[in-house]
Amino acid sequence: MKGPFSSLTLKLPSRFELNDGETVSLKNEDLVKERTFCLRVSPKHVDDLASSLFRVGFKKPSLSFRMGEKYSLSKVLIFPWELHMRIYNNGCIFSHIEVQRKYIQHLLGYVLPSLEESFSIISKFQDVEINYELDKKLRKVLEYSVFKLNAPRFLLPWQPFFMLSAFLVGFNLTKRKIFKH
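Under my numbering, the first residue of the sequence shown is numbered 85, with each subsequent residue one higher.
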């Protein structure tokens with residue numbers, strides 16, 4: 085499928101004040117790591133949050149690598165982008181925006197952490213805070229860095245390639261059996 089597809093602009097806190105008064109400044113290479121920030125809800129509300137997210141269209145993603153999370157949920161935001169959240173028992177939520185999983189480009193690095201998008205969705209259902217390094221609560225954002233997530237020029241659905249590969253493997257196995265006799 086040929087584009088143009090929508091690019092996304094995301095902003096992440098690059099300079100902020102923590103609850104203890106410390107001011108932290110981060111470089112862009114640290115900001116784009118998904119685990120730099122964690123959204124946190126009360127651990128006792130993790131199941132309720134997941135139920136609420138299912139009700140607004142989040143689904144369990146297919147072909148997702150488990151990373152110890154209790155829930156892995158995703159939802160298409162705007163074609164071809166989806167928001168993927170990993171929700172842990174301790175109430176920590178890591179999230180990122182990426183190309184939808186049904187396209188091969190999903191595996192090619194079109195991904196950025198998501199804070200504002202996830203925060204705005206989660207805060208409709210639960211009290212949520214933004215933490216730095218898992219347990220240091222942000223008091224105030226002083227400065228943001230802006231990132232553009234460029235869309236691929238074209239999208240290749242992986243299912244037709246998978247089906248074609250399975251057919252060719254099956255065909256070759258059958259062909260070998262026929263010519264052995």
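In this text, a Cβ means the ideal position worked out from N, Cα and C, and glycines have one as well.
Note that the coordinates shown come from a computational prediction; the quantities given were computed from them, not determined experimentally.
Report yes or no: do the segment 133-141 and the segment 195-212 share at least 3 C-beta pairs separated by less than 8 Å?
Contact holds: three or more Cβ-Cβ distances are below 8 Å.
Between phenylalanine 178 and leucine 157, how many whole angstroms is the CB-CB distance? I'm expecting something under 8 Å.
That belief does not hold up - the Cβ atoms of phenylalanine 178 and leucine 157 are roughly 12 Å apart, past 8 Å.
Over the uninterrupted beta strand (DSSP E) stretch that includes asparagine 234, give me the two end residues.
No beta strand (DSSP E) contains asparagine 234, which DSSP labels as neither H nor E.
Starting from phenylalanine 100, follow its DSSP beta bridges and name the residues at the other end.
According to DSSP, phenylalanine 100 bridges with Val108, Val225.
Serine 198: buried (16+ other C-beta within 10 angstroms of its C-beta) or exposed?
Looking at its Cβ environment, which holds 16 or more other Cβ atoms inside 10 Å, serine 198 is buried.
Got a sec? Which residues, its chain only, sit under 7 Å from proline 164 by beta carbon, not counting five neighbours each side?
Contacts found: Phe89, Val183, Gln184, Tyr187, Ala235, Leu239.
Which residue comes first and which comes last in the alpha helix (DSSP H) that contains serine 136?
Looking at the DSSP string, the run of the alpha helix (DSSP H) that includes serine 136 is 130-139.
My output table needs one value for histidine 190: the three-state DSSP class, helix, strand or coil.
Caution applies to histidine 190, whose pLDDT of 49 falls short of 50 and renders its modelled position unreliable; the value that the coordinates give is listed next. Correct three-state label for histidine 190: helix.
DSSP three-state call for phenylalanine 163: helix, strand or coil?
DSSP places phenylalanine 163 in coil when its eight states are reduced to three.
Which residue comes first and which comes last in the beta strand (DSSP E) that contains phenylalanine 178?
First-last of the beta strand (DSSP E) with phenylalanine 178: 176-183.
Rounded to whole angstroms, what's the CA-CA distance from glutamate 153 to methionine 169? Just pull it up for me.
Going by the C-alpha atoms only, they are around 10 Å apart.
Pick from Lys111, Lys232, Leu92: whose alpha carbon is nearest that of leucine 161?
Nearest C-alpha to leucine 161: Leu92.
Whole angstroms is fine: what's the gap from tyrosine 39's alpha carbon to lysine 159's?
The structure shown does not extend to residue 39, since the chain is modelled only from 85 through 265, so no value can be given for it.
Can you find a C-beta in chain C that's less than 7 Å from the C-beta of valine 140?
No chain C appears in the structure shown, which is made up of a single protein chain.
Which residues does DSSP list as the beta-bridge partners of valine 195?
BP columns for valine 195 point to Glu182.
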